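Residue numbers (our numbering): 17 to 269. Cβ atoms here follow ideal geometry from the backbone N, Cα and C, with glycine treated the same way. If you're wondering where the values come from, they're calculated on a predicted model, not measured in any experiment.
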Ligand code: PGA
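Structure (structure tokens):
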């Protein structure tokens with residue numbers, strides 16, 4: 017069975033309640049918090065034991081004259097265990113190609129980080145019936161020798177049209193895509209890694225739509241943007257995934 021994850025992608029934001037207050041409130045297994053680079057150490061030091069830390073990106077080079085870049089090794093040194101790669105904002109705003117995402121994924125694995133690789137079709141691709149082909153191509157592009165040494169690689173299916181738009185994919189769409197993603201993983205990745213790869217959904221996940229996505233989406237968790245900046249909403253997502261221990265449920269009641 018793949019592990020289950022609930023990942024907070026803060027993007028270039030901080031929770032208005034403050035980092036300390038947020039971390040004090042979200043104590044549940046499977047939670048990963050991805051702050052901007054300068055806050056990695058603070059989040060790693062302040063997070064409860066059950067909560068892990070991710071960076072939102074890393075350089076496509078191991079070291080050297082690359083002004084403004086941060087290497088996978090440096091991220092590891094800051095106490096993070098995960099790194100989000102190939103987010104659609106990286107692909108679309110900063111022009112990251114499949115090849116660049118693959119290079120970063122290889123470096124992350126070599127540095128001991130667990131990659132959280134994002135894939136997903138845009139609206140035009142969905143309307144033309146190409147959603148599965150696009151995602152399968154993005155997974156194929158990640159088929160690389162380093163995968164043989166990876167303990168775990170997490171895949172986040174995030175349709176571009178659903179990110180930050182308030183328009184989530186339906187649980188039926190997510191279930192269909194999760195099946196297609198798993199088929200592609202089995203086709204292009206080492207079988208053992210593919211079998212245990214958690215497949216997450218991301219795109220306008222809220223406490224209101226999470227229950228249906230958990231029950232019928234066929235996924236192993238969520239990558240969350242907007243709703244991850246508020247500990248109450250984020251904790252409600254953890255609850256919908258059943259990540260809270262029974263004693264925490266008692267406290268919430
Ligand atoms: P959203 O972002 O939850 O705000 O749609 C998801 C993401 O970009 O990972």
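> Where do the ends of the alpha helix (DSSP H) carrying residue 130 lie?
Replying inline: One-based indexing of the chain shown puts residue 130 at position 114. Per DSSP, residue 130 belongs to no alpha helix (DSSP H); it is in the beta strand (DSSP E), 130–135.
>> Is any non-hydrogen atom of ligand 1 found closer than 7 Å to the C-beta of residue 25, if you look at the structure I gave you?
In response: Mapped onto the chain shown, residue 25 falls at position 9. Yes - ligand 1 has a heavy atom lying nearer than 7 Å to the Cβ of residue 25.
> residue 220: beta carbon under 7 Å from a heavy atom of ligand 1?
Replying inline: Indexing the chain shown from 1 puts residue 220 at position 204. Because some heavy atom of ligand 1 lies under 7 Å away, the Cβ of residue 220 counts as near it: yes.
>> Would residue 50 and residue 72 qualify as a contact pair, given that the criterion is a beta-carbon distance under 8 Å?
In response: Translated into the one-based positions of the chain shown, residue 50 becomes position 34. Translated into the one-based positions of the chain shown, residue 72 becomes position 56. Yes; because the gap between Cβ atoms is below 8 Å, this pair is in contact.
>> On a Cα-Cα basis, can you pick out the residue from 147, 223, 143, 131 that is closest to residue 209?
In response: The residue you call residue 209 lines up with position 193 of the chain shown. When each option's Cα is compared against that of residue 209, the closest is 131.
>> Pop quiz: residue 257 and residue 230 are said to be a contact at Cβ under 8 Å. What is the actual Cβ separation, rounded to whole angstroms?
In response: Here residue 257 refers to the residue found at position 241 of the chain shown. Here residue 230 refers to the residue found at position 214 of the chain shown. The Cβ separation is near 6 Å, so the contact holds.
>> Give me the residue from 35, 78, 139 with the minimum Cα distance to residue 183.
In response: Taking the first residue of the chain shown as 1, we reach residue 183 at position 167. It is 139.
>> I want to check one thing, is the minimum distance from the CB of residue 232 to the heavy atoms of ligand 1 below 7 Å?
In response: On the chain shown, residue 232 is found 216 positions in, with the first residue counted as 1. Checking every heavy atom of ligand 1 against the Cβ of residue 232, none is found closer than 7 Å.
> Going by the beta-carbon positions, is the gap between residue 172 and residue 234 smaller than 8 Å?
Replying inline: For this step, residue 172 is matched to residue 156 along the chain shown. For this step, residue 234 is matched to residue 218 along the chain shown. No; because the gap between Cβ atoms is not below 8 Å, this pair is not in contact.
> Around the Cβ of residue 84, are there at least 16 other Cβ atoms within 10 angstroms (buried) or fewer (exposed)?
Replying inline: One-based indexing of the chain shown puts residue 84 at position 68. Exposed, because fewer than 16 other Cβ atoms sit within 10 Å of the Cβ of residue 84.
> Counting Cβ pairs, one atom from each stretch, are 3 or more of them under 8 Å apart for the region 144–162 and the region 112–123?
Replying inline: yes
>> I'd like to confirm something about residue 216: is its beta-carbon nearer than 7 Å to some heavy atom of ligand 1, or not?
In response: Locating residue 216 in the chain shown gives position 200, counting from the first residue. Checking the Cβ of residue 216 against ligand 1 gives no.
> Would a C-beta distance cut-off of 8 Å place residue 86 and residue 53 closer than the cut-off?
Replying inline: Residue mapping note: residue 86 aligns to position 70 of the chain shown, counting from 1. Residue mapping note: residue 53 aligns to position 37 of the chain shown, counting from 1. Yes, the Cβ-Cβ distance between residue 86 and residue 53 is below 8 Å.
>> Quick check on the burial criterion: 16 or more other C-beta atoms within 10 angstroms. Buried or exposed for residue 232?
In response: In the chain shown, the residue the question calls residue 232 occupies position 216. Per the 10 Å Cβ criterion, exposed.
> What do you reckon, is the C-beta of residue 243 under 7 Å from a heavy atom of ligand 1?
Replying inline: Against the chain shown, residue 243 aligns to sequence position 227. Because some heavy atom of ligand 1 lies under 7 Å away, the Cβ of residue 243 counts as near it: yes.
> Rounded to a whole number of angstroms, what is the C-alpha to C-alpha distance between residue 195 and residue 236?
Replying inline: Here residue 195 corresponds to residue number 179 of the chain shown, with the count starting at 1. Here residue 236 corresponds to residue number 220 of the chain shown, with the count starting at 1. Cα to Cα, the separation comes out at about 12 Å.
> Does at least one heavy atom of ligand 1 sit under 7 Å from the Cβ of residue 180?
Replying inline: Taking the chain shown and counting its residues from 1, one reaches residue 180 at position 164. For ligand 1, at least one heavy atom lies less than 7 Å from the Cβ of residue 180.
> The beta strand (DSSP E) spanning residue 24 covers which residue range?
Replying inline: By one-based count along the chain shown, residue 24 stands at place 8. That run of the beta strand (DSSP E) goes 21–25.
> DSSP on residue 210, reduced to helix/strand/coil?
Replying inline: Position 194 of the chain shown, counting from 1, holds the residue named residue 210. Reduced to three states, the DSSP call for residue 210 is helix.
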